[in-house]
Structures are given as C-alpha cells and as structure tokens.
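Have a look at the structure below, then the notes.
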Amino acid sequence: MALVDKPLIDEAGFRMSEATAGDFFALLKPRVMALVVFTAFVGLVAAPVTINPLLAVIAILSIAIGAGASGALNMWYDADIDAVMTRTASRPVPAGRIQPGEALTFGLVLSVLSVMTLGVLVNWLSASLLAFTIFFYAVIYTMWLKRWTPQNIVIGGAAGAIPPVIGWAAVTGTISLESLVLFLIIFLWTPPHFWALALFKSEDYARAGIPMMPNVAGQASTRRQIFAYALILAPIGVLPWVLGFTTPAYGIAALLLGAGFVWYAWKVLRMSDSDREMKPAKALFGYSLLYLFAIFAIYLADSVVSRALAIGGA
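Going by this note's numbering, the first residue of the sequence shown is number 787, and it counts up by one from there.
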C-alpha cells in the first residue's frame, strides 16, 4: 500500500510548519523585490542631496522588506488561483509547504516592520509612500483589480512604479517632478510588459478566471494596445533629458532603447492570431526587462558621473 504524507503534529496536537527558510524567501517574490530595490536605489542616488550612508542602507532594506511583504500578502490571497496556473503552482502556499495563515502573518509583520523602521529612522513621507504601496498592491490590486477588470495591470502598475519616488523622498523628504518622471516611465512600461506575458500565458489566466486583456478583449486588441503603449513609452523614456535632468548621453541611449521597444512591439502587432509559439510576444517580454533595467542603470550612471564632474569642477 502506498504511503501518504501526513502533516507533522506536535505534542499539543497543533500542526507543525514544514516550511524551510527558502520557502519563506520565495514568499518575498525575490525577482520582483530586486527590481523594486534597484529602482528605489536609483531614486535615492539621483536625488540632489546626500544622505548618511547608514540611513541609505536602512532605507533600501526597509523598501526591500516592504516589497517582500507585498509579495507574501499577494501569495496568501492568491493561493487559490496560483494553484491552477502552471507558472505559479509550485509557489509555497499552493504547494502546501507554507500554510495560508503563516504567509498572512509573515506579510503583516514585515509590512509593519518595514514602514515603522523607515518612518522612525529615515522620514515619515517615505514611510507613508511605502505603506501606501503595500496597501495598494496587496488590497487594491490583489484583492480587487486583478480579478475584476482587464485594466488590472494598468491601474495596479502604480504600485510597482512608486519605489523611485520612495527612494527620492527618503533622501529629500519631498516628491519632485524628477522622481515623478521616473514613476511615469515604470507606470507606462508595466502594461506592455505584462500583456506580452499574458499573450503566451493566456490559457493559464483563463483557467484561473483572471480577466487579463487577451482573455477579455482578444489577442488583436491586446497587440494594438501594446503597440500604443510602446509609442507613448519611447518618448517618455527620453523626457528626463528633455527636462534637463540628465546629459545628452542618457537621452541618446534612451532614444535607442525606446526605438527598440517600439520595434519589438511592432513585431507583436504584426503577429498572427494563429501563431501558437508566440515568439514575438516572448521576445518583447524579454526585451522589456532589459529596457527597464538599462534605462534606470544609465540614469543612475548619468547622475553619478554628472555629480562627480560637478564636484571636480568646483
């Protein structure tokens, strides 16, 4: 007779957690957290004033923990739909390695810890923005928008776009036009990035009952919207140079990167409905990750070099 795995029970009759440290780390959505930390770091470094290095480390760690808290709360609430999607079925909660209550508690504790640490040790504007980001992602996006409207990614993208504003606010205690431009770049990047993924994962989303754009409006409409967003994103990526926040070197790089984004989006637009391999959509999804990383990396380098030259010429 086959052996059946049974949950571990302690002497008091309570179920013992079988989760490992790696399972709890997976709850943080480390890949998403890495992107959040990087864009927040760019906002922090690009700010026109300096911050004590220790406070900078505290700020970045707090933002990272807050991002991880959002991921844990998302996995707690989405365990039912994660279980039926091939892309997410192996996550710790639907796989049974972490109990829903453990994920919820973990997320809530990290949320409070990150916000309070940032507020007490850095400033309360950045802490308030972090708290809003966690709430927006965990409640507004995860619990409402994701299952209700095909515009879930468009509106919910605001949560992923705020980190550079938080980084800027951690240093300056203010929100500036420059930080809002960085927000706008990520906000406009999010729909074509995720809709490209949704095109070749539409069956997954259909099984889970999530109203992603391809499942609601169809592939042709989704491809047109991806291209429209690419046309808007490309010039917005150059905006920091146009507004005088960066040197022409950034502007040229952003122009070329934006042209590449439009080119890949054009290939998606011309894709046939019968294309089962979805190679253009997969290519755009990959390029979109490169685009965002490159834009912010070049912005960061431009800010650092410009500041160094200004100090050297003083």
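Glycine is no exception: its CB is placed at the ideal position from the N, C-alpha and C atoms.
All of these numbers come straight from a predicted model, not from anything done at the bench.
- Contact between G854 and L896 holds, with the beta-carbon distance rounding to 6 Å and staying under 8 Å.
- Unbroken alpha helix (DSSP H) stretches of 4 residues or longer found wholly inside the region 980-1043: 988-994, 999-1002, 1005-1028, given in chain order.
- Between the region 873-889 and the region 820-840 there are fewer than three C-beta pairs closer than 8 Å, too few to call the two in contact.
- With respect to L894, I952 sits apart: the two C-beta atoms are not nearer than 8 Å.
- Contact between W1049 and I1012 is ruled out by a C-beta separation of about 12 Å, above the 8 Å threshold.
- For the pair L983 and L1019, the CB atoms are not nearer than the 8 Å cut-off.
- A straight line joining the alpha-carbon of I941 with that of F921 spans about 14 Å.
- Runs of alpha helix (DSSP H) with 4 or more residues, each lying fully within the region 1044-1100, are found at 1065-1099, listed in chain order.
- As the crow flies, the alpha-carbon of R1062 is around 11 Å from that of K1068.
- For the set L814, P950, I1081, N838, the Cα lying nearest the Cα of A858 is the one of L814.
- Our two residues, Q885 and M871, have alpha carbons roughly 19 Å apart in a direct line.
- When DSSP states are grouped into helix, strand and coil, N909 belongs to the coil group.
- Between A1045 and D1088, the gap from beta carbon to beta carbon reaches 8 Å or more.
- Nearest Cα to N938 within the set L899, M999, I971: M999.
- I844 and V906 have their C-alpha atoms some 11 Å from each other.
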